[in-house]
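Enquirer: This structure is in structure tokens; I'll ask about it shortly.
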Amino acid sequence: MKRRHLLGATAAGLAATAWPAFIRDAFGDGAACDEKGTPAAASGSLVQVSAAFRRARQANRALLVFVIPADDSAKWERGHAFGELLNFGADGDLAPLAGVEVVCATMADLKKLVPGAGSGEPLLVVVGTDKVPVAATQLDVALPSYDGMRRMAAGGREEQLKHDERIAAQRIGALGALLRKGLGADARDVEARAASVRARLVKAPPAGAHWAIASGCGIDVEGAKDSGLMACGMGHVPSKSRRFLYFFSVDGRGASTR
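When we follow UniProt numbering, the leftmost residue of the sequence shown carries the number 1, and every step to the right adds one.
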């Protein structure tokens with residue numbers, strides 16, 4: 001028995017040395033190093049994913065990745081959709097998030113840590129943290145678009161507002177259903193779990209993103225000094241989309257793309 005245990009431990013140790021550097025780091029095996037023993041360099045966003053993976057593993061949770069698209073225009077669209085969910089989702093929509101660690105990351109960075117994360121740019125990826133190889137499951141759904149300018153021209157402001165509310169409800173409902181499908185729909189303590197999500201992800205943003213406010217003629221990134229971005233001509237912003245997840249880096253002088 002002892003010999004078999006020793007062989008098993010040795011095999012596990014050898015397997016661990018073959019893991020990607022950031023898997024070793026995230027699993028708590030010390031700072032990731034290259035073949036010469038030098039600490040491996042990484043981008044800031046990759047470090048965010050690695051740190052979130054480590055937190056999830058230590059808490060015995062899965063990691064849920066809000067996927068940041070590579071295309072800048074798609075970043076805006078997806079950031080608004082996630083903002084609608086977190087700020088206005090019902091208890092049943094948000095409660096599944098209570099059991100996971102959440103981080104925002106590009107698929108390119110996620111795949112450096114989890115090569116099996118899959119292709120494309122799904123809305124969400126669930127990453128297991130309890131075993132190696134790491135298991136990842138993509139969650140995706142088509143979200144309806146506001147199509148705001150044409151609606152405004154066709155029906156006026158009152159029609160626009162009704163349309164916005166209807167589309168926002170559909171988008172939030174689709175994302176909530178996606179979370180329940182992918183993370184489970186436990187009916188226990190839904191209100192309390194949703195409250196914990198709001199305290200953790202609405203008051204402050206998920207790791208890898210910023211909260212920002214869009215007025216239709218400018219953007220203010222919360223918590224960033226001198227981060228007001230003028231963008232007059234953006235036009236109409238649906239009311240439930242105004243506070244959104246901003247997927248760009250921010251410094252003291254303003255903002256720049258990732």
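For glycine and all other residues, C-beta sits at the position ideal for the given N, C-alpha and C.
#1: Once the 5 residues before and after D109 are set aside, which same chain residues still bring their CB inside 6 Å of it?
#2: DSSP puts H210 in a beta bridge; with which residues?
#3: Measure the CB-CB distance between L201 and L97 and report whether it falls below 8 Å.
#4: From V237 to I172, what does the alpha carbon distance come to, in whole angstroms?
#5: Shortest alpha-carbon distance to N60 belongs to which of L85, G83, G99?
#6: Please say whether P122 and D140 have beta carbons closer to each other than 8 Å?
#7: Check whether the Cβ of L97 lies closer than 7 Å to any heavy atom of the ligand FMN, and answer yes or no.
#8: By the DSSP assignment, the beta strand (DSSP E) with L220 in it spans what residues?
#9: Can you tell me which of the three DSSP states A195 falls into?
#10: Determine the closest residue to A70 out of Q160, C104, I213, S215, with distance taken between C-alpha atoms.
#11: Are at least three pairs of beta-carbons, each pair with one atom in the stretch 81-98 and one in the stretch 175-191, less than 8 Å apart?
#12: Whose C-alpha, out of V221, A207, V250, is nearest the C-alpha of L55?
#13: What is the rounded straight-line gap between the Cα of E222 and the Cα of P205?
#14: In the DSSP assignment, what residue or residues form a beta bridge with V103?
#15: In the DSSP output, which residue or residues are listed as bridge partners for A136?
#16: Please state whether the Cβ-Cβ distance between G83 and S241 is less than 8 Å.
#17: Using a Cβ-Cβ cutoff of less than 7 Å, which residues in the same chain neighbour P144 once the five nearest sequence positions on both sides are dropped?
#18: Of all the options F88, F247, L178, which has the alpha carbon lying nearest to the alpha carbon of A195?
#19: Spatial neighbours of F244 within its chain, please: C-beta separation below 7 Å, excluding the five flanking residues on both sides.
#20: For S249, which of T106, L178, Q58 has the nearest alpha-carbon?
#21: Output needed for K181: all residues of its chain with C-beta closer than 8 Å, excluding positions within five of it in sequence on either side, in chain order.
#22: Which runs of the alpha helix (DSSP H), 4 residues or longer, sit entirely within the stretch 73-98?
#23: What residue from S239, W76, V102, A142 has the CA that sits closest to T129's CA?
#24: By alpha-carbon positions, which one of W76, V65, F53 ends up nearest to I219?
Expert: So, from the data block:
#1: S45, L46, V49
#2: Y246
#3: yes
#4: 16 Å
#5: G99
#6: yes
#7: The ligand FMN is not part of the structure shown, which contains no ligands of any sort.
#8: The residue you asked about is not Leu; residue 220 is Asp in the sequence shown. Element bounds for D220: 219-221.
#9: helix
#10: C104
#11: yes
#12: Checking the sequence shown, residue 55 turns out to be Arg, not Leu. Out of V221, A207, V250, A207 has the C-alpha closest to the C-alpha of R55.
#13: 9 Å
#14: V65, A207
#15: V127
#16: yes
#17: I167, Q170, R171
#18: F88
#19: G79, H80, G83, A212, A214
#20: T106
#21: L139
#22: 91-94
#23: V102
#24: W76
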